[in-house]
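Participant:
2 protein chains.
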Amino acid sequence: MKHLRTLSYVAEIARSGSIRRAAERLNIAPSALTRQVQDIEYELGTPVFERLAQGMRLNAAGELLVRHIRDQVADLERVRSQIADLSGVRRGHVALACSQAFVTRVVPEEVEAYRARFPQVGFTVQVRDHIQAVAAVVAFEADLALIIQPPPSAELHLLYSCRQQLRALMRAEHPLAKSDGPVRLRDCLAHPMALPDRSLAIRLHLDQALARRGVELKCAVESGSLEFLRNLALREDVVSLQIPNGIPDDPRLRSRPIDDRDLEPMTVVLAQLQGRMLSVAAAKFADQLAASLHRRMQSSVTD
Amino acid sequence: MKHLRTLSYVAEIARSGSIRRAAERLNIAPSALTRQVQDIEYELGTPVFERLAQGMRLNAAGELLVRHIRDQVADLERVRSQIADLSGVRRGHVALACSQAFVTRVVPEEVEAYRARFPQVGFTVQVRDHIQAVAAVVAFEADLALIIQPPPSAELHLLYSCRQQLRALMRAEHPLAKSDGPVRLRDCLAHPMALPDRSLAIRLHLDQALARRGVELKCAVESGSLEFLRNLALREDVVSLQIPNGIPDDPRLRSRPIDDRDLEPMTVVLAQLQGRMLSVAAAKFADQLAASLHRRMQSSVTD
DNA sequence: GGGCTCGTTGCATTTTCGGCAACACCGATG
DNA sequence: CATCGGTGTTGCCGAAAATGCAACGAGCCC
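Going down the list, the protein sequences come from chains V and R.
Counted from 1, the first sequence has number 84 at position 84 by the UniProt record's numbering; the numbering is strictly sequential.
Counted from 1, the second sequence has number 147 at position 147 by the UniProt record's numbering; the numbering is strictly sequential.
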C-alpha cells in the first residue's frame with residue numbers, strides 16, 4: 001500500500017545491499033532512493049545505513065527499523081486478509097516453507113483441499129531444509145513451516161507436532177517386501193541402501209542412531225532428492241528410508257516401519273513465528289493442516 | 001512520521017466522527033480528507049466508513065483498520081525510542097493513567113526521579129478512575145496504568161501488584177490520633193466522616209464491606225477529590241479514609257491503619273496493555289515504578 | 001593511475017496533495 | 001412543506017513532493 005512505499009524502499013535497499021541494485025529492482029532512479037533514505041534518516045535523527053564503497057549496510061538502528069518495517073507489512077497483510085474475510089469471500093495468501101518429505105503427498109493434497117473451498121487464496125510453497133525453513137519464517141518469508149526435527153528455537157511457536165517412525169522403502173519384488181510388519185534396521189543394512197544425504201534430517205537422525213550403536217553404515221547410493229531415491233528403488237533392489245507422509249501411493253512400492261527398538265521416531269512440526277499474528281487465510285490453513293496431520297497419524301496407527 | 005500521515009487522518013476522522021471536525025483539528029481542508037479516505041477505501045477494495053447525515057462512523061473493516069493504525073503508531077514510537085536508546089541518550093515519552101490516590105506523592109516523586117536520570121524523557125500523566133484508566137490503556141492513550149482495585153480484564157498485563165490496607169486520616173488534634181496502632185472501623189464511624197464519593201474505588205470498597213456487615217454509613221461530607229478531603233480534615237475534626245501511598249508527609253495530619261478484621265486490603269496494580277511492546281522509556285519507567293512501590297510496601301510494613 | 005562501482009547533488013519534469021468554492025444530500029425545525 | 005444547518009463530495013488550480021536524468025566526487029581493485 002501507498003504509505004509503505006518509502007519504507008519498502010528501505011527494506012529493499014537492505015536486501016540488495018546497494019542503492020543502485022535496489023533501484024533496478026524497484027524500477028526507479030537511484031537518486032530517488034537516496035533522497036528517501038535521507039528523509040527517513042532525518043526524521044529519525046540518526047543514520048540508518050553505513051555507507052561503504054561497495055554499497056549500503058544497515059547499522060544497529062537500521063536493523064531495528066527494518067524489523068519494524070517487516071512487522072508492519074506483515075500486519076497490514078493480516079488486516080487486509082481479515083477485512084476480505086468480513087465480506088464472506090476469503091482471499092489472501094499463504095506462504096509455506098516445508099521439508100522435501102511433504103511435497104509428495106501432504107502439501108499438495110492440503111493445498112488442493114483448501115483451494116477447493118477458497119479458490120481466491122494463493123499459495124507460495126518453498127522447499128527448505130529444517131534450518132532454512134526456520135530462517136524463512138523468522139525473516140517473514142514464510143507464514144508457516146512444516147518440518148522434520150526442527151532445531152529447538154524460542155522464535156518458533158508450535159501449532160502441531162507429532163512423532164513418526166521412519167519406514168524402509170523398497171519395490172514390491174524386494175526380498176524384504178515379503179512381510180509388512182516392522183523390520184529391524186540390521187535386516188535393512190544387509191541389503192544395498194539408497195539413503196538421503198546429510199542435508200536431510202532423516203539421514204542425520206539415522207547417523208546419530210547408528211553412531212550410538214557403533215554400527216557402521218555402508219550406503220550404496222545417497223542423494224539430496226527423496227524423489228530420486230524412490231525412483232531408484234523402483235528400478236533396482238535397494239532399500240531406502242522415508243517418512244510415512246512422504247511415501248506415494250504406488251502399488252509397485254512397499255514400505256515397512258523400522259522397529260522401534262532400533263530407531264527413535266522423528267518429530268514432525270507445524271510452526272509459525274512466535275508472537276506473529278497470521279492472516280485469516282494462513283491461520284485457517286494451519287488449522288486444516290494440523291487437523292489433517294492428526295488424522296493421518298491416527299489412520300497410520302490403525303493400518 | 002510522514003508515511004503515517006494518511007493513516008492518522010483516518011484515525012482522527014474516526015475519533016471526531018466527522019470529516020469537517022477532523023479537518024479543523026488537523027488544520028486542512030475537508031476535501032483533502034475526503035480524498036484520502038477514498039484512496040484508502042479504493043486500496044482496500046471496501047468502504048471503511050459508513051456515511052451518515054451526522055458524519056462518518058467506522059464499519060467493521062474500519063474498526064480493524066483503525067486498530068491496525070494505532071498499533072502502527074505505537075510500534076513506531078517504540079522503535080524510535082529503542083533507536084534513541086542506542087545512542088546512549090534516552091529520549092522518548094511515557095503516558096501514564098493513574099488513580100487520584102497517587103498524584104500526591106508516588107507519581108510526582110517517581111517522575112522526578114526518572115527525569116533526573118533522563119531529562120530528555122517527557123511524561124503525560126492523566127488522572128482517571130479505574131474504569132477510564134483501563135480504557136485509556138486499551139485505546140493506546142496511555143502506556144501504563146497505576147490504579148486501585150482494577151476491574152479484572154484479559155486485556156491488561158500486570159507488571160506489579162500489591163495489597164494495601166486503607167488508613168483512617170485525621171488531624172493531629174483529633175481524639176483518634178492519640179494512638180497510632182490499627183483502629184477499628186466502628187471507632188471511626190463514631191466520628192463525623194469525610195469520605196471519597198462513589199466515583200472512587202476506596203468508597204466502593206468501603207460500601208461493599210459495610211453492606212456485608214449490615215452496617216449503615218453516615219457520612220458527613222463526601223467528595224470526588226481526595227485533596228479536598230485532606231484539606232477539610234486539617235480544618236475540622238473529621239475522619240477520612242485514604243490509601244497509604246496517597247497521604248502526604250504533613251505533621252498536622254495523622255493516620256492509622258484500619259484493622260484487618262474490618263476491611264480487606266485494597267489491590268494496587270501497575271499494568272500495561274496485553275501484547276503491547278512498550279517503548280524503552282516506558283518500560284524502564286515501569287521497572288523503576290514497580291521497584292519503588294515494592295520498597296514503599298516494605299518500609300510501610302516495618303513502620 | 002585507469003577503470004570500475006558506489007552514493008550524491010542540481011535541475012527539469014511529473015505526480016501528488018491541498019485549498020477554495022460550489023454542489024448534492026439528509027435530518028431537524030419552523 | 002419549505003428552510004436551514006449540518007454533512008460529504010467534486011472540479012479546478014496552485015503548491016509541494018517525488019522522480020528521472022546527467023554529472024560529480026569518493027573509494028576499491030587491478
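Every residue gets a Cβ at the ideal spot worked out from N, C-alpha and C, and that includes glycine.
Runs of 4 residues minimum, wholly inside the segment 9-44 of chain V: which ones carry the alpha helix (DSSP H) assignment?
Facilitator: For the segment 9-44 of chain V, whole alpha helix (DSSP H) runs of length 4 or above, ordered along the chain, are 19-26, 30-44.
Participant: Considering Cα atoms alone, identify which of Gln38(R), Ala113(R), Ile147(R), Ala53(R) is closest to residue 309(R).
Facilitator: Look at the range of chain R in this structure, 1 to 303, and you will see that residue 309(R) is not part of it.
Participant: Which of the three DSSP states, helix, strand or coil, is assigned to isoleucine 247(V)?
Facilitator: In this structure, isoleucine 247(V) counts as coil in the three-state DSSP scheme.
Participant: Does methionine 170(R) come within less than 9 Å of chain V when only Cβ atoms are used?
Facilitator: Not an interface residue.
Participant: Apart from the five residues on each side of it in sequence, which residues of its chain come closer than 6 Å, Cβ to Cβ, to residue 308(V)?
Facilitator: Only positions 1 to 303 of chain V appear in the structure, and residue 308(V) is not among them; the question remains open.
Participant: Does the contact criterion of 3 or more C-beta pairs under 8 Å hold for the segment 61-72 of chain V versus the segment 73-80 of chain R?
Facilitator: As far as the Cβ criterion goes, the segment 61-72 of chain V touches the segment 73-80 of chain R, which means the pair count is three or higher.
Participant: Give the range of the beta strand (DSSP E) segment to which leucine 158(V) is assigned.
Facilitator: Run containing leucine 158(V): 156-164, per the beta strand (DSSP E) assignment.
Participant: Rounded to whole angstroms, what is the Cα-Cα separation between serine 8(V) and serine 81(V)?
Facilitator: In a straight line, the C-alpha of serine 8(V) is about 20 Å away from that of serine 81(V).
Participant: Where does glutamate 110(V) land, buried or exposed, given buried means 16+ other C-beta within 10 angstroms?
Facilitator: Buried, by the Cβ-count rule.
Participant: Quick one: what does DSSP say methionine 297(R) is sitting in, helix, strand or coil?
Facilitator: Here methionine 297(R) sits in helix by DSSP.
Participant: Can you tell me whether tyrosine 42(R) is buried or exposed? The criterion is at least 16 other CB atoms within 10 Å of its CB, across all chains shown.
Facilitator: Tyrosine 42(R) comes out exposed.
Participant: Note down, in chain order, all residues in the segment 47-64 of chain V with a beta-carbon under 8 Å from any beta-carbon belonging to chain R.
Facilitator: Correct list: Ala60, Ala61, Leu64.
Participant: Could you check if glycine 246(R) is buried or exposed, using at least 16 other CB atoms within 10 Å of its CB as the buried criterion?
Facilitator: So glycine 246(R) ends up on the buried side.
Participant: Quick one, are the C-beta atoms of valine 238(V) and leucine 158(V) less than 9 Å apart?
Facilitator: The answer is no: Cβ separation not under 9 Å.
Participant: Could you have a look at glycine 62(V) and say whether DSSP puts it in helix, strand or coil?
Facilitator: Helix, per DSSP.
Participant: From what residue to what residue does the alpha helix (DSSP H) around cysteine 219(R) run?
Facilitator: It is not in any alpha helix (DSSP H) - cysteine 219(R) carries neither H nor E in the DSSP assignment.
Participant: DSSP has valine 106(R) in a bridge; who is on the other side?
Facilitator: None, per the DSSP bridge assignment.
Participant: Let me know if threonine 302(V) comes out buried or exposed under the rule of 16 or more other beta-carbons within 10 Å of its beta-carbon.
Facilitator: Note on threonine 302(V): pLDDT 49, under 50, position unreliable in the model; no value is reported.
Participant: By DSSP, does serine 179(R) sit in helix, in strand, or in coil?
Facilitator: Of the three classes helix, strand and coil, the one that applies to serine 179(R) here is coil, per DSSP.
Participant: Secondary structure at phenylalanine 118(R), three-state DSSP: helix, strand or coil?
Facilitator: It is coil, neither helix nor strand.
Participant: How long is the line joining the alpha carbons of alanine 84(V) and glycine 92(V), rounded to whole angstroms?
Facilitator: Roughly 8 Å between the two C-alpha positions.
Participant: Short of 9 Å Cβ to Cβ, which residues in the segment 67-88 of chain R face chain V?
Facilitator: Result list: Arg67, His68, Asp71, Gln72, Asp75, Leu76, Arg78, Val79, Arg80, Gln82, Ile83, Ala84, Leu86, Ser87.
Participant: Any idea if alanine 215(V) is buried or exposed, counting beta-carbon neighbours within 10 angstroms, 16 or more meaning buried?
Facilitator: A small fix is needed here, since residue 215(V) is valine in this sequence, not alanine. Looking at its Cβ environment, which holds fewer than 16 other Cβ atoms inside 10 Å, valine 215(V) is exposed.
Participant: Since cysteine 98(V) and alanine 133(V) are thought to touch, with beta carbons under 8 Å apart, how far apart are those beta carbons, to the nearest angstrom?
Facilitator: Between alanine 133(V) and cysteine 98(V) the Cβ distance is about 7 Å, and since that is below 8 Å, they are a contact.
Participant: Is there a Cβ of chain R sitting closer than 9 Å to that of threonine 6(V), yes or no?
Facilitator: It does; some Cβ of chain R falls within 9 Å.
Participant: Quick check on histidine 3(R) - is its C-beta less than 9 Å from some C-beta in chain V?
Facilitator: Chain V contact via Cβ: present.
Participant: Taking the DSSP output, what are the residues bridged to glycine 214(R)?
Facilitator: According to DSSP, glycine 214(R) bridges with nothing at all.
Participant: Could you please give the first and the last residue of the uninterrupted beta strand (DSSP E) stretch that includes glutamine 272(V)?
Facilitator: Run containing glutamine 272(V): 266-273, per the beta strand (DSSP E) assignment.
Participant: List the residues of chain R whose Cβ lies closer than 9 Å to the Cβ of glutamate 41(V), in chain order.
Facilitator: What glutamate 41(V) touches in chain R: nothing, since even the nearest Cβ is about 11 Å away.
Participant: Using the C-alpha atoms, what's the distance from glutamine 100(R) back to serine 179(R)?
Facilitator: Cα to Cα, the separation comes out at about 28 Å.
Participant: With a 10 Å radius around its C-beta and 16 neighbouring C-beta atoms as the bar for buried, classify glutamine 298(V) as buried or exposed.
Facilitator: With fewer than 16 other Cβ atoms within 10 Å, it is exposed.
Participant: Tell me whether serine 199(R) sits in a helix, a strand or coil according to DSSP, three-state version.
Facilitator: In this structure, serine 199(R) counts as coil in the three-state DSSP scheme.
Participant: Please decide whether glutamine 44(V) counts as near chain R, where near means a Cβ-Cβ distance under 9 Å.
Facilitator: According to the sequence displayed, residue 44(V) carries leucine and not glutamine. By this cut-off, leucine 44(V) is an interface position.
Participant: Going by beta carbon distance, what residues of the same chain come within less than 8 Å of glutamine 274(R), once the five residues before and after it are set aside?
Facilitator: Answer for glutamine 274(R): Ala154, Glu155, Leu156, His157, listed in chain order.
Participant: Looking only at its chain, what residues have a beta carbon closer than 8 Å to the beta carbon of valine 183(V), apart from the 5 residues adjacent to it on each side?
Facilitator: The answer, listed in chain order, is Ala168, Leu176, Arg256, Pro257, Ile258, Asp259.
Participant: Is the closest heavy atom of the ligand GTP to the C-beta of isoleucine 40(V) under 8 Å?
Facilitator: Summarising the ligand content, the structure contains no ligands, and the ligand GTP is consequently not present.
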